[in-house]
Amino acid sequence: MTLTVLAVDDSRTMRDMIRMALMPAGFTVHLAEDGIHGIEVLGGINPDDIDAIITDINMPRMDGFGFIDAVREQDDHRATPILVLTTESSQELKMRAREAGATGWIVKPFDPAKLVKALQMVAG
């Protein structure tokens with residue numbers, strides 16, 4: 001089963017690392033550099049084709065919380081799993097992300113195998 005993921009992160013290095021972790025595992029990976037770009041990229045993907053979204057929190061133009069809110073406002077993506085992938089690890093931010101509609105939380109640096117497994121669990 002091929003899973004399609006949108007990864008939103010302002011770091012090109014992190015986007016590359018996510019892509020390199022997921023593509024060998026059979027994922028189709030779409031990339032965006034911040035929340036606004038993420039919404040644009042998401043709009044160009046058939047909603048039935050997107051299995052999960054990964055987002056950073058700290059980004060320019062629109063941060064991860066704004067991005068999660070914007071995704072959840074779309075009927076097509078109310079139930080799309082969203083994993084937060086960030087250097088932040090405070091309980092307060094985790095709760096805020098969960099309240100915004102995030103499905104899970106992974107702290108950077110991430111273990112590629114764990115990221116693949118987490119995505120397969122939430123999207124499967």
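Counting along the sequence shown from 1, when you hit position 82 you're at 82 in the UniProt record's numbering, and nothing is skipped either side. All residues carry an ideal CB built from backbone N, CA and C; glycine is no exception.
Within the stretch 78-113, the beta strand (DSSP E) runs of at least 3 residues that lie entirely inside it are, in chain order, 82-86, 104-107. In terms of Cβ geometry, residue 68 and residue 32 do not form a close pair [threshold 8 Å]. Counting other Cβ atoms within 10 Å of its Cβ, residue 20 stays below 16 and is therefore classed as exposed. A Cβ-Cβ separation of about 3 Å places residue 35 in contact with residue 62 under the 8 Å criterion. Residue pairing by DSSP puts residue 7 in a beta bridge opposite 31, 54.
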